[in-house]
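In what follows, a single structure is set out as structure tokens and then discussed.
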Amino acid sequence: MFRRSKNNSYDTSQTKQRFSIKKFKFGAASVLIGISFLGGFTQGQFNISTDTVFAAEVISGSAATLNSALVKNVSGGKAYIDIYDVKNGKIDPLNLIALNPSNYSANYYIKQGGRIFTSVNQLQTPGTATITYNILDENGNPYTKSDGQIDIVSLVTTVYDTTELRNNINKVIENANDPKWSDDSRKDVLSKIEVIKNDIDNNPKTQSDIDNKIVEVNELEKLLVLPVPDKDKYDPTGKAQQVNGKGNKLPATGENATPFFNVAALTIISSVGLLSVSKKKED
7 MFRRSKNNSY DTSQTKQRFS IKKFKFGAAS VLIGISFLGG FTQGQFNIST
57 DTVFAAEVIS GSAATLNSAL VKNVSGGKAY IDIYDVKNGK IDPLNLIALN
107 PSNYSANYYI KQGGRIFTSV NQLQTPGTAT ITYNILDENG NPYTKSDGQI
157 DIVSLVTTVY DTTELRNNIN KVIENANDPK WSDDSRKDVL SKIEVIKNDI
207 DNNPKTQSDI DNKIVEVNEL EKLLVLPVPD KDKYDPTGKA QQVNGKGNKL
257 PATGENATPF FNVAALTIIS SVGLLSVSKK KED
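Under my numbering, the first residue of the sequence shown carries the number 7, and numbering increases by one thereafter.
Shown next as structure tokens:
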């Protein structure tokens, strides 16, 4: 029913984590049902009296601490899981804790709502989930602390999903790379998209954070604009334009003045002048 793995490859020196302990007493026996890392603590659903003890740094006698080396998944004494990482095999709940001694191991199950999962791959809904770890000694037996309690820890985890956001980001990038957009607007949009990508790749989030970023990405796409036409080729004001740099001006009709046009015009004017002079002489 449980998943089990050795936890030898992670730094176990990060021990200064805050936890809260929930101790449930059944008659003469005292059984540790779970601990929650401070910041994600919720009351258990048990109709029995409980004693809650807050430790300043670590749980006395427990072999588990929160693995602060996973900066995307652990922050401020809280744990986070991105369903996108789950789908792509980038997260293992066993790596959220560090064990000391390092040859100890653990297995886990996940509870979300009324459902219990034995694999993180079954976790598909954003919200809150509780991961319960059973700590095992070097022989694979349940680890019993010096006070006689079995070492079982429960980690309340924030679950979110960046899949839709990442799909939107890819669509905007594809659109921005269309050559029809101006270079300046393309660079502006792509640089802002890169900031968002780096943020979600390296920092923990909530689903609310992700929903807001989806809106932000959609708005960024609207910043893409077409390039402004070259004013030397087209003047929307309709003002006279300089032609050939000779001081001649023509209306902004889009037509170009040519030497042939100039010669023809002068010829006609000269002809009219000569006819006029000839007529006067006849009179």
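Don't be surprised by glycine CBs; every beta carbon is placed ideally from N, CA and C.
Note that the coordinates shown come from a computational prediction; the quantities given were computed from them, not determined experimentally.
{"Item": "If I follow the unbroken beta strand (DSSP E) through residue 70, where does it start and stop?", "Value": "70-72"}
{"Item": "Beta-carbon within less than 8 angstroms of residue 175's beta-carbon, same chain only, minus the 5 sequence neighbours each way: which residues are those?", "Value": "199, 202, 203, 223"}
{"Item": "Are the beta-carbon atoms of residue 117 and residue 134 separated by less than 7 angstroms?", "Value": "no"}
{"Item": "Quick one: is residue 219 buried, meaning 16 or more other Cβ sit within 10 Å of its Cβ, or exposed?", "Value": "buried"}
{"Item": "Using the three-state DSSP reduction, which class does residue 169 fall into: helix, strand or coil?", "Value": "helix"}
{"Item": "By DSSP's criteria, residue 105 is part of a beta bridge. Which residues make up the other side?", "Value": "70"}
{"Item": "Measuring CB to CB, does residue 141 end up less than 7 angstroms from residue 85?", "Value": "no"}
{"Item": "According to the Cβ coordinates, are residue 164 and residue 212 closer than 7 angstroms?", "Value": "yes"}
{"Item": "According to DSSP, residue 85 sits in a beta bridge with which residue or residues?", "Value": "80, 163"}
{"Item": "Looking only at DSSP bridge pairs, what is residue 117 linked to?", "Value": "122, 136"}
{"Item": "Give every residue of the same chain whose Cβ lies closer than 8 angstroms to the Cβ of residue 194, excluding the five residues on either side of it in the sequence, and list them in chain order.", "Value": "229"}
{"Item": "So, is residue 103 buried or exposed, given that buried needs 16 or more other C-beta atoms within 10 angstroms?", "Value": "buried"}
{"Item": "Just mark residue 152 as buried or exposed, buried being the case when its beta carbon has 16 or more other beta carbons within 10 Å.", "Value": "exposed"}
{"Item": "Nearest-angstrom Cα distance between residue 12 and residue 101?", "Value": "Low confidence applies here, because residue 12 scores a pLDDT of 48, under 50, leaving its location unreliable and the question unanswered by this model."}
{"Item": "Which residues in the same chain as residue 76 place their Cβ atom closer than 8 angstroms to its Cβ, once the five residues preceding and following it in sequence are excluded?", "Value": "101, 102"}
{"Item": "So for residue 99, helix, strand or coil by DSSP?", "Value": "helix"}
{"Item": "Rounded to a whole number of angstroms, what is the C-alpha to C-alpha distance between residue 35 and residue 113?", "Value": "Any reading at residue 35 is ruled out, since the residue's pLDDT is 32, under 50, leaving its predicted position unreliable."}
{"Item": "By how many angstroms is the C-alpha of residue 207 removed from the C-alpha of residue 291?", "Value": "Given a span of 7 to 289 for the chain in the structure shown, any question on residue 291 remains unanswerable."}
{"Item": "Can you give the Cα-Cα distance for residue 107 and residue 215, rounded to whole angstroms?", "Value": "37 angstroms"}
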